[in-house]
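Undergrad: I'd like to ask some things about the structure below.
Protein chains in written order, with the working numbering: chain A, 9 to 151; chain B, 9 to 151.
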């Protein structure tokens, strides 16, 4: 049984998320998704959608066998308990696979790291573009 | 085989949508979802997310066996071709079930109409509240 683990914030769900998760799922027999905690999103704006709600939506997707919230204190803790055979990275996730390998190895893990390069070129295929569209529609107008 | 049909816009997907679709699916053996066309959303603000993208997300949900875009010219056309045994209405969908029955009957259809009363009391369980949160976070700030 090949367990694949994917990770991400999954704020304002869009087809880019779906593509990443479907491609991840296709690499193994089971896909577990670690959803980032609100507290730990520091490299981009805080999520609009709270973590419990992001978890509920990711759990509802066909591609996802199980979704869990990550640890607030150690981002590797959840990966350690899941013991994945494969970890996938999205095309825009800025982890260095080599550094990731080192950190995982310190914890006794040696999963394959696979970058999912595919992305979905569509009008609103990023959380940022959804926010931008809402702001441009309602700027200076009553809501 | 009991075919259930649910309908909606499904803009900015949230747990209220998931609950409506899961409850709908539980009433039969197959759930087909008719996703409203951009052109036909007139009783509330135009969707933020374009119809093809809303269709993609709804199709990716576990509860959904098939999702299709509705007709742009006759909202009953798709229902007529799907011949549902049950049509579900969300708690906030303002169709009058009696009037709906009359319109369906004119087209030779007599499905059961079931109102899904349940809703999800959560911070961002409406597309409107997601838009409001984005506007309040970024009003007067650079994005």
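Note that beta-carbon positions come from the ideal geometry of N, C-alpha and C, so glycine has one too.
Keep in mind that this is a model prediction, so the values were computed, not measured.
Between which two residues does the alpha helix (DSSP H) containing residue 86 (chain A) stretch?
TA: Unbroken alpha helix (DSSP H) run through residue 86 (chain A): 83–90.
Undergrad: Give the residues from the region 36–70 of chain B that approach chain A closer than 7 Å (Cβ to any Cβ), ordered along the chain.
TA: Within the region 36–70 of chain B, the qualifying residues are 56, 57, 58, 61, 64, 65, 68, 69, 70.
Undergrad: Quick one: grab the DSSP three-state call for residue 56 (chain B).
TA: Residue state, collapsed to three classes: coil.
Undergrad: Using 7 Å as the threshold, is the C-beta distance between residue 10 (chain A) and residue 37 (chain A) below it?
TA: In this structure, residue 37 (chain A) lies closer than 7 Å to residue 10 (chain A) by Cβ.
Undergrad: Might you give, ordered along the chain, the residues of its own chain that have their beta carbon closer than 7 Å to the beta carbon of residue 111 (chain B), omitting 5 neighbours on each side?
TA: Within the same chain, residue 111 (chain B) has close Cβ partners 84.
Undergrad: Measuring only between beta-carbons, confirm whether residue 142 (chain B) sits less than 7 Å from chain A.
TA: For residue 142 (chain B), the answer is yes, since a Cβ of chain A falls inside 7 Å of its Cβ.
Undergrad: Got a sec: is the Cβ-Cβ distance from residue 132 (chain B) to anything in chain A below 7 Å?
TA: True, the Cβ-Cβ gap to chain A drops below 7 Å.
Undergrad: Thinking just about the alpha-carbon of each residue, which of A:137, A:131, A:104 is nearest to the one in residue 122 (chain A)?
TA: The option with the nearest alpha carbon to residue 122 (chain A) is A:104.
Undergrad: In this structure, does DSSP put residue 39 (chain B) in helix, strand or coil?
TA: In this structure, residue 39 (chain B) counts as strand in the three-state DSSP scheme.
Undergrad: Nearest chain C C-beta to residue 139 (chain B) closer than 7 Å, yes or no?
TA: No chain C appears in this structure, whose protein chains are A and B.
Undergrad: What three-state label does DSSP hand residue 71 (chain B) in the structure shown?
TA: Three-state result, residue 71 (chain B): coil.
Undergrad: What is the rounded straight-line gap between the Cα of residue 39 (chain A) and the Cα of residue 114 (chain A)?
TA: Rounded to the nearest angstrom, the two C-alpha atoms are 24 Å apart.
Undergrad: One question on the structure: do residue 95 (chain B) and residue 13 (chain B) come within less than 7 Å of each other, judged by their Cβ atoms?
TA: Going by C-beta atoms, residue 95 (chain B) is nearer than 7 Å to residue 13 (chain B).
Undergrad: Does any C-beta atom of chain A lie closer than 7 Å to the C-beta of residue 152 (chain B)?
TA: The requested residue 152 (chain B) is not part of the displayed model; chain B covers only 9 to 151.
Undergrad: Rounded C-beta distance between residue 171 (chain B) and residue 22 (chain B)? I'm assuming under 8 Å.
TA: Nothing can be reported for residue 171 (chain B), as the shown portion of chain B is limited to 9 through 151.
Undergrad: Rounding to the nearest angstrom, what Cα-Cα distance links residue 97 (chain A) and residue 50 (chain B) in this structure?
TA: Rounded to the nearest angstrom, the two C-alpha atoms are 40 Å apart.
Undergrad: Which of the three DSSP states, helix, strand or coil, is assigned to residue 136 (chain B)?
TA: Three-state DSSP puts residue 136 (chain B) in a helix.
Undergrad: I think residue 65 (chain B) touches residue 26 (chain A), with their Cβ atoms under 8 Å apart; what is that distance to the nearest whole Å?
TA: Between residue 26 (chain A) and residue 65 (chain B) the Cβ distance is about 7 Å, and since that is below 8 Å, they are a contact.
Undergrad: Using the Cβ count rule (16 or more neighbours within 10 Å means buried), how would you classify residue 19 (chain A)?
TA: Answer is buried; the Cβ neighbour count reaches 16.
Undergrad: Tell me which residue opens and which closes the alpha helix (DSSP H) that residue 34 (chain A) is part of.
TA: Per DSSP, residue 34 (chain A) belongs to no alpha helix (DSSP H) and is neither H nor E.
Undergrad: Does residue 23 (chain A) have its Cβ less than 7 Å from a Cβ in chain B?
TA: Closer than 7 Å: yes.
Undergrad: Taking residue 26 (chain B) as the query, report the chain A residues whose CB atoms sit under 8 Å from its CB, ordered along the chain.
TA: Those within 8 Å of residue 26 (chain B) in chain A are 64, 65, 68.
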